[in-house]
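Asks: Just so you know, we're using the working numbering here: the sequence shown kicks off at 4 and counts up by one.
Every residue, glycine too, gets a C-beta built ideally from N, C-alpha and C.
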Amino acid sequence: MSDLLTEPPSPLDAAIGLTAVELLGDAVLLRLDPPGEALGGLTPRPFLHGGALATCVDTAGWYALEHTSPGGWTAVDLRCDFLRLAAPVAHRVVARCVSAGRTLGTADVEITAWDDPERLVAVGRARYIRAVR
């Protein structure tokens, strides 16, 4: 499964600076290095756009499912809770597979600043359908 780490990022993931870093047993670690285009606003201070964070949830969840149970997963539902403004700095994105059945899979994702892994910025859950059997 280490092949997951050598796959090039999708064009969208590359555009927001999201890359897979490490497979952690039952989890995967991704790093978000957001460019200026990932900003959602500048006031009251610069912060990341929620769409960039939601993309992290989608992609990280996919990595978690592919790591646990390879099978061409495609997202069918996604929920993202934004807990605080995300500063335009590097972020740690950790995803864990909750379930990976014959047809459906679920992953939970946590996003924190890279240098402050205890302070959650956003959490999410994504559901996927297995497109390839």
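When the Cα of C59 is compared with those of R82, L7 and V101, which residue comes out closest?
Replies: The residue you call residue 59 lines up with position 56 of the sequence shown. Nearest option by C-alpha distance: R82.
Asks: Using DSSP with H/G/I as helix, E/B as strand and the rest coil, what is P120?
Replies: Reading the sequence shown from its first residue, position 117 is the one you call residue 120. The answer is strand: DSSP assigns P120 an E or B state.
Asks: Using 8 angstroms as the threshold, is the stretch 70 to 81 in touch with the stretch 126 to 133, meaning 3 or more CB pairs across them?
Replies: Segments in contact, yes.
Asks: Provide the residue span of the beta strand (DSSP E) that contains E40, from first to last.
Replies: Taking the sequence shown and counting its residues from 1, one reaches residue 40 at position 37. From DSSP, E40 is part of no beta strand (DSSP E); its letter is neither H nor E.
Asks: Taking only runs of the alpha helix (DSSP H) that begin and end inside the stretch 35 to 94, which ones reach a length of at least 4 residues, in chain order?
Replies: For the stretch 35 to 94, whole alpha helix (DSSP H) runs of length 4 or above, ordered along the chain, are 53 to 71.
Asks: Check A17 in the structure and name its three-state DSSP category.
Replies: Start at 1 with the first residue of the sequence shown, and residue 17 comes out as number 14. Three-state DSSP puts A17 in a helix.
Asks: Helix, strand or coil, according to DSSP, for D29 in the structure here?
Replies: In the sequence shown, the residue the question calls residue 29 occupies position 26. Coil.
Asks: Answer yes or no: do A67 and A110 have a C-beta to C-beta separation smaller than 9 angstroms?
Replies: Position 64 of the sequence shown, counting from 1, holds the residue named residue 67. Position 107 of the sequence shown, counting from 1, holds the residue named residue 110. Going by C-beta atoms, A67 is nearer than 9 angstroms to A110.
Asks: So, V96 versus L35, is the Cβ gap smaller than 9 angstroms?
Replies: The count along the sequence shown starts at 1 and reaches residue 96 at position 93. The count along the sequence shown starts at 1 and reaches residue 35 at position 32. The answer is yes: Cβ separation under 9 angstroms.
Asks: Looking only at its own chain, which residues have a Cβ that is under 7 angstroms from the Cβ of A93, when we skip the five neighbours before and after it?
Replies: Walking along the sequence shown from the start, residue 93 turns up at place 90. Closer than 7 angstroms at the Cβ level, and outside the excluded window around A93, lie R34, L35, D36 and W117.
Asks: Identify which residue in A17, L51, L15 and V24 has its Cα closest to the Cα of T9.
Replies: Translated into positions along the sequence shown, residue 9 becomes position 6. When only C-alpha atoms are compared, the closest one is V24.
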